[in-house]
Amino acid sequence: MKKQFFTLKTAIAFLMFAVIATSCKKKEDDSNNLPESGKNAQSLLRRTTGSKAAFELVWSDEFDGTQLDSTKWTIVTGNQHVNNELQAYSADAVHLRSNGLVLTASKIPLDGQQYTSGKITTAGKFSILRGRIEAQISNANGRGLTSELTMQGINFPTVGLPQSGEIDIMQHKNNDTVINGGIQWDNGGFAVSRKTATSYPAQFDIYAVEWDENEIRYYVNDVLYNTINIANGVNGTDEFMKPFFINIDLTVGGNFAGNDIAPALPNSMQIDNIKVYKLIKP
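Reading the sequence shown from the start, the letters are residues -21 to -1, 1 to 261 in mature numbering (1 follows the signal peptide of the UniProt record, and there is no 0).
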């Protein structure tokens, strides 16, 4: 499934693509001999603004059908006791609809919490060390809600944060017209590096990171807005030298969004697709 969205940046990108396609026809013809993943990687390389590397598709989910693919994802349940958040996670808050994966926050008491919401994870089923991770998402729009696409080190179940490291591909809170992208890690204590980019709730945007041995780059709709240096574990960033798994979740309240919760619940975030590409060495 693929949502269509049109912005000025997208229109400009299409015009640039047309010029490149005309001048590089031989390369496009050669792509017909590639396997499907190779074609996807070549297409990605052409369209990613500021990309410094080549990538090959290795894992994806279009969220088609009626049930979540249990070979790829686990639905998180219960009160996770994290960041003073007010939700307990429930499988009843995770659905596949015609518009993809839908995670819904509702004012339904559960497991000692006032609210329920949805979270899925690839922990124990899929992880990756370096590459490009992207998802097309429409964020929830309401006070006290945070839509998140994050990654955590595979040692998270045993050491937790900040020792595991966390890559926040996208965090959107409240009614903000910006998203946050950055990392969390242990540098003699809890350390955070973040920047923001414009993104409007309730519209589908593509959020992505490109992660190599030297840096993590952050994109919205293929426009670069943040670069974080992790070369040689600088500033204690050794956590980012191991595989990470993926989380998608919608939280209620807590330290990040605050506890002024909009009364207009239920409210949902929607995920059209997610794709993971491995880094191809030159």
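From the three backbone atoms N, C-alpha and C, an ideal C-beta is built for every residue, glycine too.
query                                                                                                       : result
Close beta carbons around K51, own chain, < 7 Å, minus the five adjacent residues each side                 : D40, T101, K104, F105
Span of the beta strand (DSSP E), counted from its first residue to its last, around V188                   : 183 to 190
Contact between the segment 112 to 122 and the segment 164 to 183 (3+ Cβ pairs under 8 Å)                   : yes
Among D201, E194, I54, nearest to D217 - alpha-carbon criterion                                             : E194
Strand pairing of F235, partner residues [DSSP]                                                             : Partner(s): none; F235 has no beta bridge.
Whole-angstrom distance between S126 and N205, CA atom to CA atom                                           : 19 Å
Opposing strand residues paired with V81 [DSSP bridges]                                                     : H74, Q249
Candidates A170, Q66, K257, P222, of which the one nearest T83 by Cα                                        : Q66
Rounded distance between the beta-carbons of P222 and residue 277, thought under 8 Å                        : Any property of residue 277 remains undetermined from this structure, which presents the chain solely from -21 to 261.
Whole-angstrom distance between D43 and S77, CA atom to CA atom                                             : 8 Å
Beta-carbon spacing of I225, I250 below 8 Å                                                                 : no
Beta-carbon proximity of residue 263 to E192, cut-off 8 Å                                                   : Any answer about residue 263 is impossible in this case: the structure gives the chain only from -21 up to 261.
Environment of K260 [buried if 16+ CB atoms lie within 10 Å]                                                : exposed
Cβ pair A176, V188 closer than 8 Å                                                                          : no
Beta-ladder partner(s) of F223, from DSSP                                                                   : I107, G132
H60 classed as buried or exposed, judged by whether at least 16 other C-beta atoms fall within 10 angstroms : exposed
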